[in-house]
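The listed protein sequences correspond, in order, to chains A and B. For the first sequence, the residue numbers in this note's numbering are 4 to 342. For the second sequence, the residue numbers in this note's numbering are 4 to 342. Built from N, CA and C at the ideal position, the CB exists for glycine as well. Given the structure is predicted, the values throughout are model-derived calculations rather than measurements.
Number of protein chains: 2
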Amino acid sequence: MTESKPTTSYDVAQRAGVSQSAVSRCFRPGSSISPKTRARVLAAASELGYHPNAMASGLITKRSNLVAVMISNLTNLYYPEVLAEITRRLSDHGISVLMVALQAESDADAMLDQVWRYRVDGAIIAARLSPEQLTYFARRRVPVVLYNRFGEGGAVPSVCCDSVGGERLLVDQLVAAGHSVFGIIAGPDDSYVSQQRVSGAQQRLRELGRDALVVEGAFDYDSGAAGLRSLMALTDGRLDALICANDLMAIGAIDCARVTFGIDVPQNLSIVGFDGVAPAMWASYRLSTIRQPVRRMTEAAVSMLMERIEDPDLPPEIRTFSGKLIEGESARLAPRTGG
Amino acid sequence: MTESKPTTSYDVAQRAGVSQSAVSRCFRPGSSISPKTRARVLAAASELGYHPNAMASGLITKRSNLVAVMISNLTNLYYPEVLAEITRRLSDHGISVLMVALQAESDADAMLDQVWRYRVDGAIIAARLSPEQLTYFARRRVPVVLYNRFGEGGAVPSVCCDSVGGERLLVDQLVAAGHSVFGIIAGPDDSYVSQQRVSGAQQRLRELGRDALVVEGAFDYDSGAAGLRSLMALTDGRLDALICANDLMAIGAIDCARVTFGIDVPQNLSIVGFDGVAPAMWASYRLSTIRQPVRRMTEAAVSMLMERIEDPDLPPEIRTFSGKLIEGESARLAPRTGG
DNA sequence: ACAGATTTTGCATCCGGATGCAACAGTGCT
DNA sequence: AGCACTGTTGCATCCGGATGCAAAATCTGT
Chain A
4 MTESKPTTSY
14 DVAQRAGVSQ
24 SAVSRCFRPG
34 SSISPKTRAR
44 VLAAASELGY
54 HPNAMASGLI
64 TKRSNLVAVM
74 ISNLTNLYYP
84 EVLAEITRRL
94 SDHGISVLMV
104 ALQAESDADA
114 MLDQVWRYRV
124 DGAIIAARLS
134 PEQLTYFARR
144 RVPVVLYNRF
154 GEGGAVPSVC
164 CDSVGGERLL
174 VDQLVAAGHS
184 VFGIIAGPDD
194 SYVSQQRVSG
204 AQQRLRELGR
214 DALVVEGAFD
224 YDSGAAGLRS
234 LMALTDGRLD
244 ALICANDLMA
254 IGAIDCARVT
264 FGIDVPQNLS
274 IVGFDGVAPA
284 MWASYRLSTI
294 RQPVRRMTEA
304 AVSMLMERIE
314 DPDLPPEIRT
324 FSGKLIEGES
334 ARLAPRTGG
Chain B
4 MTESKPTTSY
14 DVAQRAGVSQ
24 SAVSRCFRPG
34 SSISPKTRAR
44 VLAAASELGY
54 HPNAMASGLI
64 TKRSNLVAVM
74 ISNLTNLYYP
84 EVLAEITRRL
94 SDHGISVLMV
104 ALQAESDADA
114 MLDQVWRYRV
124 DGAIIAARLS
134 PEQLTYFARR
144 RVPVVLYNRF
154 GEGGAVPSVC
164 CDSVGGERLL
174 VDQLVAAGHS
184 VFGIIAGPDD
194 SYVSQQRVSG
204 AQQRLRELGR
214 DALVVEGAFD
224 YDSGAAGLRS
234 LMALTDGRLD
244 ALICANDLMA
254 IGAIDCARVT
264 FGIDVPQNLS
274 IVGFDGVAPA
284 MWASYRLSTI
294 RQPVRRMTEA
304 AVSMLMERIE
314 DPDLPPEIRT
324 FSGKLIEGES
334 ARLAPRTGG
C-alpha cells in the first residue's frame with residue numbers, strides 16, 4: 004500500500020467534511036476551532052498520514068521555523084555536545100536546525116547562500132564569519148547569536164564563556180603553587196577565543212610579576228604536542244607550567260611530555276587546558292581545566308535567539324558565563340582555601 | 004541602510020526590465036535564457052541582494068533540496084566526522100542538511116514529524132528507528148540510506164563497515180599472537196553494529212577453538228572501564244585479550260587496566276577496539292583497532308541517496324566497506340607476514 | 001529581403017497552507 | 001420569542017517562484 008501522492012490539507016478537509024481553512028486552523032495553535040471539528044479533522048489527518056507542508060506555511064507566514072546552526076570545526080570535540088544541546092532545545096520550541104558545517108573560511112559564502120534561500124528565522128553561529136557576512140544578517144534582519152565569538156564591536160548578541168576570568172583562575176593557582184617558567188600554547192591567531200584566553204593569562208601573569216612564552220597552535224592534538232616541543236626548546240627544558248588555549252592541545256602536550264620527553268606530569272610540568280571536554284576527564288589525563296557550562300550557555304543562546312525572533316529590535320546583549328575550575332591532576336595547583 | 008522587505012523575483016524583474024519568469028529561469032539551471040538577459044538579471048539580483056526563496060521553489064517543484072541527517076548520539080566521537088563529511092558532500096550537490104539529533108528513542112516520532120513537514124528529499128540515518136518508522140519512509144517514497152545500520156531484512160539501502168570481517172582480522176591476530184583468555188565488551192544489545200561486531204568476533208574465536216566471555220557496555224568510556232572490571236572479576240584476573248565493540252570503550256578499558264589494576268597494556272593484556280576515532284591514535288593509547296573508511300563510506304551514502312532521489316525505484320543496495328587494521332600498540336598482534 | 005527553424009520571452013496558472021472578512025451558529029438574557 | 005454577543009466556519013485571496021504554451025524575437029539559408 005503506497006500513498007503515491009502526498010496528502011494536502013484539502014484531502015484532509017474533504018475526508019473530514021470541512022473546509023481547508025478548518026484543517027489549517029487545527030494545526031495552528033491559537034486558531035479558533037471547535038473541539039468537535041478539531042477531533043474530526045485530526046482523525047482524518049491521522050488516517051491519511053497528513054503532515055502540514057512547512058514550505059507552504061513558511062511561504063505565507065514568513066516564518067520558516069528553521070534556524071541555521073553554523074559550526075566551523077565539528078571535529079573539535081567540544082562542538083558536538085553544543086550542537087546536540089542546541090538542536091534539542093530548538094526543537095522544544097518547534098524549530099528545526101539547518102546544519103551548516105564550515106570547513107575553510109572560503110566556502111562560507113556558498114554556505115550562506117543556502118541559509119538565505121531557506122529564509123531561516125535566525126542563526127546560532129560558532130564559526131568565524133567576516134564582518135560583512137555578519138552585517139548582512141543584520142541588514143536582512145535575521146537575528147543572530149554568536150557562540151563564543153564576538154562581533155562588530157559588541158553589536159551582535161553573543162553567549163560566551165569568560166575566558167579571561169577562567170585563565171586568571173588558572174594562573175592564580177599555578178603561580179600560588181610556585182611555578183616559575185610559564186609557557187602558553189595559543190590557538191590560531193584569528194580566533195577570538197584564543198585571543199581572549201591568551202591575553203587573559205598573560206595579563207594575570209604580568210599582574211603577578213611573571214612572564215610567559217607564547218607559541219601558536221591550531222586547537223588540535225598535534226599542535227599541542229608541537230607547541231610543547233617548541234617551548235621546551237625555547238626554555239631549554241626549564242618550562243614548568245604550560246597553559247593551553249584548549250583541552251585538546253593540553254592533551255596533546257601531556258602525551259608529548261610523557262612520551263617524547265619522559266616528563267612526569269604534573270610533578271615536573273603542570274599543564275592546564277580550557278573547555279572541559281569529555282576526554283579531559285579520562286583517567287590518563289585528569290586534566291586541570293576550566294569547564295564551560297555548556298548546558299547553561301546553549302540554553303542562553305537559544306533563548307536569546309528566540310526572544311530576538313519574536314522581537315528583532317531587542318538590543319544586542321552579551322551574556323558571559325563563568326567556567327568551573329576542574330582541579331584534575333595534570334597540574335600542581337594551590338591547595339584549596341579552606342580545603 | 005536596512006532592506007526592510009525581502010526582495011522577490013518580481014523586484015528583480017522590475018529592476019532588470021524583464022518578466023518574473025525570466026528571473027526564475029536565471030536561477031534555474033537548464034532553462035532557456037539569453038546571455039544578455041541573464042547578465043542583466045544577475046546584476047539586478049546582486050544589487051538588490053536577491054536570493055531565491057527555497058520554500059516557494061520547493062513548494063512548486065516538490066523538491067526541497069533538504070536531506071534529513073539523523074544521528075542518535077552525537078557525542079560518540081565517531082559521528083561528528085561523519086556529519087561533517089556528509090554535510091559537505093551534500094552541499095556539493097546543492098543540498099542542505101536538516102539536522103536531527105536524537106537523544107532517546109522516545110522522541111524519534113516528534114523529530115520525524117519535523118522531517119515530514121519539511122518534505123525532505125531523502126534521509127541519511129545513523130540512528131535506531133523502529134521498523135514502522137522505517138517503512139513509513141518507504142510508504143512516503145522518501146529515499147533513505149542507513150549508515151552502519153541494517154533495516155527491514157535488507158530492504159533498505161545501507162552503507163556499512165564490515166564488522167564481521169574486521170573482527171575476524173583482529174581475532175586472527177590476537178589468537179596467532181598466543182592469547183588465551185578472551186573477553187568481549189559489547190555495545191547496547193539493541194545495536195546492530197554491536198551485534199555484528201560481537202558475533203563476528205565470537206564466531207571467529209569459535210572457529211579457532213577459543214571462547215570468550217561477553218559483557219554488555221554502552222559504547223562509552225565508562226562502560227569500557229566497567230566492562231573490564233567485570234571481566235577481570237569473571238576471569239580471576241586471567242583475562243589477557245579484550246575485544247571492545249568500539250574505540251571509546253577500549254580507551255576506557257585501557258585507562259582502567261592501567262590505573263585501577265596496574266596492568267601493563269599490551270604486555271599483560273591486549274585491548275582492541277573498532278572505529279578508528281581520533282583519540283584512539285593519541286600517544287597514550289595507540290589503540291589497535293579497525294579504522295572505518297569514513298570518507299569512502301560517506302561518499303557512498305551520499306551518492307546512493309542522490310541516485311535514489313533521482314530514481315526512487317532503484318532497488319535497495321547494501322554497500323559494505325572493509326576497515327583497515329591499525330596495528331597500534333594496545334595489543335600484541337601476530338608479527339606481520341612478510342614484515 | 002523573406003520563409004522557415006530555433007531560441008527567448010511573457011502570460012497565466014499552479015503549488016499548499018494562512019488569514020481577514022463576512023456569514024453563520026450557539027448562548028444567555030430580558 | 002427576540003436580541004445582543006461570543007465562537008466557528010467557509011470563501012477568497014495571497015505568499016514567491018516554476019513552467020506549459022503561444023507569441024515574439026533572433027537566426028539561417030537562399
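A straight-line Cα-Cα distance of about 21 Å links valine 118/A and aspartate 95/A.
Put simply, the backbone Cα of alanine 87/A is about 25 Å away from that of arginine 294/B. Note: methionine 102/A is bridge-paired with Val72/A and Val100/B in the DSSP secondary-structure output.
Sequence-distant Cβ neighbours of tyrosine 121/B in its own chain, meaning closer than 7 Å and more than five residues away, are Ser67, Leu69 and Leu101. Under the three-state reduction of DSSP, serine 37/A is assigned to coil, being neither helix nor strand.
Cysteine 164/B has a beta carbon lying at 8 Å or more from every beta carbon in chain A. With a 10 Å radius around the Cβ and a threshold of 16 neighbouring Cβ atoms, glycine 33/A comes out exposed. Note that the C-beta distance between serine 273/B and leucine 177/B is below 8 Å.
Cα atoms of phenylalanine 30/B and proline 55/B: separation of roughly 8 Å, rounded to the nearest angstrom. Apart from sequence neighbours up to five positions away, the residues of its chain that approach glycine 154/B with a beta-carbon distance below 6 Å are Leu137, ordered along the chain. Classified as exposed, glutamine 270/A has fewer than 16 neighbouring CB atoms from the shown chains inside 10 Å of its CB. In the structure shown, the three-state DSSP call for tyrosine 121/A is coil.
Ranked by how close their Cα comes to the Cα of phenylalanine 140/A, the residues Ala286/B, Tyr195/B, Ser24/B and Gly52/B have Gly52/B in first place.
Taken through DSSP and simplified to helix, strand or coil, arginine 294/B comes out as strand. Only those residues of the stretch 107 to 126 of chain A whose C-beta falls short of 7 Å from the nearest C-beta of chain B are listed: Met114, Asp116, Gln117, Trp119, Arg120, Tyr121 and Arg122.
According to the DSSP assignment, arginine 28/A belongs to the alpha helix (DSSP H) that extends over 23 to 29.
With contacts defined as CB atoms closer than 8 Å, alanine 42/B and valine 26/B fail to qualify as a contacting pair. Chain-order list of chain A residues neighbouring leucine 62/B: Asn56, Met58, Ala59 and Leu62, by C-beta distance under 8 Å.
Collapsing the DSSP output to three states places leucine 211/B in coil. Taking C-beta atoms as the reference points, alanine 337/B and alanine 180/B count as a pair closer than 8 Å. Taking 4 residues as the shortest admissible run, the stretch 105 to 178 of chain A contains the following complete alpha helix (DSSP H) segments, listed from N- to C-terminal end: 111 to 120 and 134 to 142. Nearest CB-CB separation between glutamate 135/A and chain B: not below the 8 Å threshold.
If only uninterrupted beta strand (DSSP E) runs of at least 3 residues are considered, those enclosed by the stretch 195 to 263 of chain B are 215 to 219 and 244 to 247.
Under the Cβ criterion of 8 Å, threonine 78/B is counted among the residues facing chain A.
No Cβ-Cβ contact shorter than 8 Å links proline 191/B with arginine 311/B. For tyrosine 224/A, the closest Cβ of chain B is nearer than 8 Å. Taking a beta-carbon distance threshold of 8 Å, valine 72/A counts as an interface residue toward chain B.
Of Phe264/B, Arg142/B and Ser291/B, the smallest CA-CA separation from alanine 236/B is found for Phe264/B. Chain A has no Cβ within less than 8 Å of the Cβ of threonine 323/B. As computed with DSSP, arginine 322/B is found in a beta bridge with Val162/B. Apart from the 5 residues on each side of it in sequence, serine 306/B has no Cβ closer than 6 Å to any other Cβ in its chain.
Closest in alpha carbon position to alanine 229/A, among Asp214/A, Leu251/A and Arg241/A, is Leu251/A.
Neighbours of cysteine 259/B in chain A, taken as residues at a C-beta separation under 9 Å, are given in chain order as Ala286.
CA-CA distance, proline 318/A to alanine 303/A, rounds to 15 Å. Under the 8 Å criterion on CB atoms, isoleucine 266/A is classed as non-interfacial with respect to chain B.
Chain B has no Cβ within less than 8 Å of the Cβ of proline 146/A.
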